[in-house]
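Residue numbers (our numbering), protein chains in the order written: chain A, 992 to 1200; chain B, 992 to 1200; chain C, 992 to 1200. For glycine and all other residues, C-beta sits at the position ideal for the given N, C-alpha and C. Since we're looking at a predicted model, the values are computed, not measured.
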């Protein structure tokens, strides 16, 4: 990769963001597997916790790189915002899984599985958008991915609101209601943070393309 | 408007912020009407959802304008922060109304109506403060509006805390308790976001007057 | 203090941040005393509310100083972020105490006391880190404090998750469960905001040492 040696610092940032986006896709897939299989819950959640730590490390590497780099490929505050939003995506996926275990949930709901499906889709789209970060950004292509992320966040929001309404309409026991309300909230927050990622990427595309 | 043609970009930002503040006042009035009338709930919430979309469009126009404008009337990060805080005000008003519908609330509480009254007052004050944004800001006038917004946020906070204490002190059924706790939280968050708007405006006034 | 007269503005910022950190330690100690004594609750919470107002004043002084100072000892956005994060630490401690009173909690739980202990430790460590802010920052020393703050935040997070799991596993009445879930959340948020403080300080140390 000849560009890499000419622009070592730029290459490093792009590479770390791609690692971070890949990690978000990986942890989303582990969440989905947990929800559909619902066996060996503790082992599966331990794997998810490991991916969350991996995400922390990548975020920390980006911060360290940023503090030591004078000329950055795009604005410092965009780099920080992007790194933190990607990290939040991973943190909320971990929290959703962790609370399902902590609360000894008996069986995932259909709505939780629907949300996990959307989370896979949205993290894959986010990965494509992050992959567009390079010296010359194709603005049209980047905006297409961002629009798609926004669309999926709306889908997740509608599932979330339906899930809550159903929870309260059914004769569910109250502690179950409280537990699922919280788990759904973590899952919906995942897609909000993906939207934050898209907002930063859209801004970067408009400024640098 | 001769200034407008001489300073087209500045004029455009001030105009979009005024539209955004007007939209916050409009949606606040629709929330208050919903809470006092409590009829045709679905239709009323649909109107509120439309205003929320209108707000998204204004925010998007500000972002697009910002990315295409080289010299802005005040700091780029203040423009972004102001646009997002105004958008959050509108989003939380929509969420409060939407969850009252989703949760099939039987009757709004007195405390919810009190909060809706404060939300009208605070959005009107916020509109006055946003209206002070212009080439030469009257610092004293701007600070007066900001102090008033902070005072109203404190009033809302006290109503919120009293409402929660009463909810738990009364023999209310638990699902009702959980629903109202959430709705009150959205309403109180509206005033927190108005305070964020005031913080940005205060900073702008101190820097540019 | 000869430096102080030569660099009056720098000295002013460092002094205000030290006051803010000291105030966080003071309010943390009042929270811990409240939880261990659990007598004269209203009087004790009134003292905590006074410290919260004191924190607001310090934050406001930092903002005013910032808007009137042209050359700041470190980046304006870091000063703002640091002031707000320190203020949030104090606000969440106040909210935890206030809701214990409002919800007429009968007796603090062991887990709440454990969290209060961690909150003392983490605010003391944060105070040491803030004390490192000066013209020439000892980067190694600053990072040591930040690592320690992160470690304590992880401890608080584990206590929080255990506390919630126990709450749902026990046959606790549901309103008690909801109240404690909320109080624990405020307490855990205190340590998250301390981590925000550490993040800013780490960035400042890497940039200016």
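- The region 1172 to 1185 of chain B makes contact with the region 1080 to 1095 of chain B, as at least three CB pairs between them are under 8 Å.
- Residue 1101 of chain B is classed as exposed because its beta carbon has fewer than 16 other beta carbons within 10 Å across all chains shown.
- Of the candidates B/1070, B/1196 and B/1098, the residue whose Cα lies closest to the Cα of residue 1052 of chain B is B/1070.
- Listed along chain A, the residues sitting closer than 8 Å to residue 1169 of chain C by beta-carbon distance are 1169.
- Going by DSSP, residue 1146 of chain B is part of the alpha helix (DSSP H) stretching over 1130 to 1160.
- Judged by their CB atoms, residue 1188 of chain A and residue 1143 of chain A are not nearer to each other than the 8 Å cut-off.
- As the crow flies, the alpha-carbon of residue 1039 of chain A is around 30 Å from that of residue 1125 of chain A.
- If you check the CB distance, residue 1016 of chain A and residue 1115 of chain A come in under 8 Å.
- With fewer than 16 other CB atoms across the displayed protein chains lying within 10 angstroms of its CB, residue 1055 of chain C is exposed.
- Within the same chain, and ignoring the five residues on either side of residue 1032 of chain A in sequence, the residues whose Cβ sits closer than 8 Å to its Cβ are 1025, 1091 and 1092.
- Unbroken alpha helix (DSSP H) stretches of 4 residues or longer found wholly inside the region 1033 to 1082 of chain A: none.
- The closest CA to that of residue 1113 of chain A, considering only A/1131, A/1041 and A/1138, is found on A/1138.
- Residues of chain B with a Cβ closer than 7 Å to the Cβ of residue 1151 of chain A do not exist; the shortest Cβ-Cβ separation is about 10 Å.
- Residue 1124 of chain B sits in coil when the DSSP states are folded into three classes, being neither helix nor strand.
- Within its own chain, the residues whose Cβ lies closer than 6 Å to the Cβ of residue 1196 of chain C, once the five positions on either side in sequence are excluded, are 1128, 1130 and 1133, listed in chain order.
- Of all residues in the region 1159 to 1188 of chain A, only 1159, 1160, 1165, 1168, 1169 and 1172 come within less than 8 Å of chain B when Cβ atoms are compared, listed by chain position.
- Nearest to residue 1141 of chain A by alpha-carbon distance, out of A/1193, A/1043, A/1168 and A/1098, is A/1193.
- Per the Cβ contact rule, the region 1150 to 1161 of chain B is not in contact with the region 1043 to 1051 of chain B (fewer than 3 Cβ pairs under 8 Å).
- Separation of residue 1171 of chain C and residue 1191 of chain B (C-alpha to C-alpha, rounded to the nearest whole angstrom) is 34 Å.
- Distance from the CA of residue 1043 of chain A to the CA of residue 1160 of chain B, rounded to the nearest whole angstrom, comes to 40 Å.
- Assignment of residue 1030 of chain A by DSSP, reduced to helix, strand and coil, places it in the coil class.
- Each of C/1018, C/1164 and C/1167 was checked against the Cα of residue 1078 of chain C, and the nearest Cα belongs to C/1018.
- Residue 1184 of chain A places its beta carbon 8 Å or farther from that of residue 1036 of chain A.
- Taking C-beta atoms under 8 Å as the contact rule, residue 1103 of chain C and residue 1169 of chain C fail to qualify, at a distance of about 15 Å.
- For residue 1093 of chain B, a Cβ of chain A is located within less than 8 Å of the residue's own Cβ.
- In terms of beta-carbon proximity, residue 1044 of chain A stays away from the interface with chain C, with every pair separated by 8 Å or more.
- Taking 8 Å as the cut-off, the Cβ atoms of residue 1109 of chain C and residue 1147 of chain C count as close.
- Here DSSP, grouped into helix, strand and coil, assigns residue 1013 of chain B to helix.
- Here DSSP, grouped into helix, strand and coil, assigns residue 1006 of chain C to helix.
- In this structure, residue 1020 of chain C lies near residue 1111 of chain C, with their beta-carbon atoms less than 8 Å apart.
- With a cutoff of 8 Å on beta-carbon distance, residue 1009 of chain B and residue 1121 of chain B are scored as near each other.
- A Cβ of chain C is located within less than 8 Å of the beta carbon of residue 1058 of chain A.
- A direct Cα-Cα distance of roughly 7 Å separates residue 1029 of chain C from residue 1098 of chain C.
- A check of alpha carbon separations from residue 1145 of chain C across A/1005, A/1047 and A/1023 identifies A/1047 as the nearest.
- In this chain, the alpha helix (DSSP H) harbouring residue 1176 of chain C covers 1165 to 1199.
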